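Chemist: Encoded as structure tokens, here's the structure I'll be asking about.
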Amino acid sequence: DAGVIQSPRHEVTEMGQEVTLRCKPISGHNSLFWYRQTMMRGLELLIYFNNNVPIDDSGMPEDRFSAKMPNASFSTLKIQPSEPRDSAVYFCASKPGQVVGNQPQHFGDGTRLSIL
Amino acid sequence: AQSVAQPEDQVNVAEGNPLTVKCTYSVSGNPYLFWYVQYPNRGLQFLLKYITGDNLVKGSYGFEAEFNKSQTSFHLKKPSALVSDSALYFCAGGSQGNLIFGKGTKLSVKP
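Chains as they are written, first to last, in the numbering used here: chain A, 1409 to 1524; chain B, 138 to 248.
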């Protein structure tokens, strides 16, 4: 079975540009999560969805960040305008069932974002 | 506030020796606990989980973890370390709320 698929794997762009990260969750998984990983701050939860509905976006650092899940098989994380401090690895994860529950999350291999 | 702590930033072990990566938790109610492993340029991979039942949980790649309620710990163990076990390990826990991840422990296994 295909795992969580993220694209692109690497993105290098100049500050001020719009960045869109994409995620395809595992088929049948109801919950989807976006994380950011940096050396300084570790793994941070940004936002999560259940049945395509955003449940909690309190981890989104600023209004420059937005996320959507238009259907069960696709989600985007957008940064506009981007800044150098947004440079990080962004992970998408999905799990079956509810957000709160004992099923493990399955992670994609991430998008390494570099803002120059 | 709920939390998951990994007190060691790095653990160094010689190949063939047993390894332990420590995790303690502060989670209300009955916790469920996970261990994940992250290899370079990859996402986190699920290793094992504890929900209820036996305190010793066996997982992938020969890893196991021991749940200790009185010490609120969930340490990851392996009887004989391999160089290929070198990676970043994350403990995570939850109960009523969303999953909380520790900050990670880098395991280095030297030949």
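Every residue, glycine too, gets a C-beta built ideally from N, C-alpha and C.
Remember, it's a predicted structure, so these values are computed and weren't measured experimentally.
Give me the residue from A:E1470, A:S1522, A:L1524 and A:H1514 with the minimum Cα distance to P1433 of chain A.
Modeler: The shortest C-alpha separation from P1433 of chain A is found at A:H1514.
Chemist: Report the start-end ranges of each beta strand (DSSP E) in the segment 157-194 of chain B that is 3 residues or longer and not cut off at the edges.
Modeler: DSSP runs (the beta strand (DSSP E)) wholly in the segment 157-194 of chain B: 161-163, 169-175 and 181-187.
Chemist: Would you please verify whether the beta carbon of P1512 of chain A is less than 8 angstroms from any beta carbon of chain B?
Modeler: At least one chain B Cβ lies under 8 angstroms of P1512 of chain A.
Chemist: By the 8 angstroms beta-carbon criterion, what residues does the segment 213-238 of chain B contribute toward chain A?
Modeler: Going along the segment 213-238 of chain B in chain order, one finds F227, G231, Q233, G234, N235, L236 and F238 with a Cβ nearer than 8 angstroms to chain A.
Chemist: Under a CB-based cut-off of 8 angstroms, is V1461 of chain A close to chain B?
Modeler: Chain B, which has no Cβ nearer than 8 angstroms to the Cβ of V1461 of chain A, makes this no.
Chemist: Rounded to a whole number of angstroms, what is the C-alpha to C-alpha distance between Q1511 of chain A and K243 of chain B?
Modeler: If you take the alpha carbons of Q1511 of chain A and K243 of chain B, they lie about 25 angstroms apart.
Chemist: In chain order, which continuous runs of the beta strand (DSSP E) of length 3 or greater are located wholly inside the segment 1451-1481 of chain A?
Modeler: Qualifying beta strand (DSSP E) stretches, in chain order: 1461-1464 and 1473-1479.
Chemist: With 8 angstroms set as the bound, which would you pick, yes or no: does the beta-carbon of Y169 of chain B sit closer than that to a beta-carbon of chain A?
Modeler: Chain A contact via Cβ: present.
Chemist: Nearest by alpha-carbon distance to T1484 of chain A: which of A:S1495, A:W1442, A:T1421 and A:N1459 is it?
Modeler: When each option's Cα is compared against that of T1484 of chain A, the closest is A:W1442.
Chemist: Are there 16 or more other CB atoms within 10 angstroms of the CB of Y162 of chain B, so buried, or fewer, so exposed?
Modeler: So Y162 of chain B ends up on the buried side.
Chemist: Compare the C-beta of L193 of chain B with all C-beta atoms of chain A and state if any pair is closer than 8 angstroms.
Modeler: It does not: the Cβ of L193 of chain B has no partner Cβ on chain A nearer than 8 angstroms.
Chemist: Identify the contact partners of G1516 of chain A in chain B, using a Cβ-Cβ distance below 8 angstroms as the criterion.
Modeler: Here the neighbours are G180.
Chemist: Would the beta-carbon of Q233 of chain B fall within 8 angstroms of that of V1508 of chain A?
Modeler: Yes, these two residues count as a Cβ contact at 8 angstroms.
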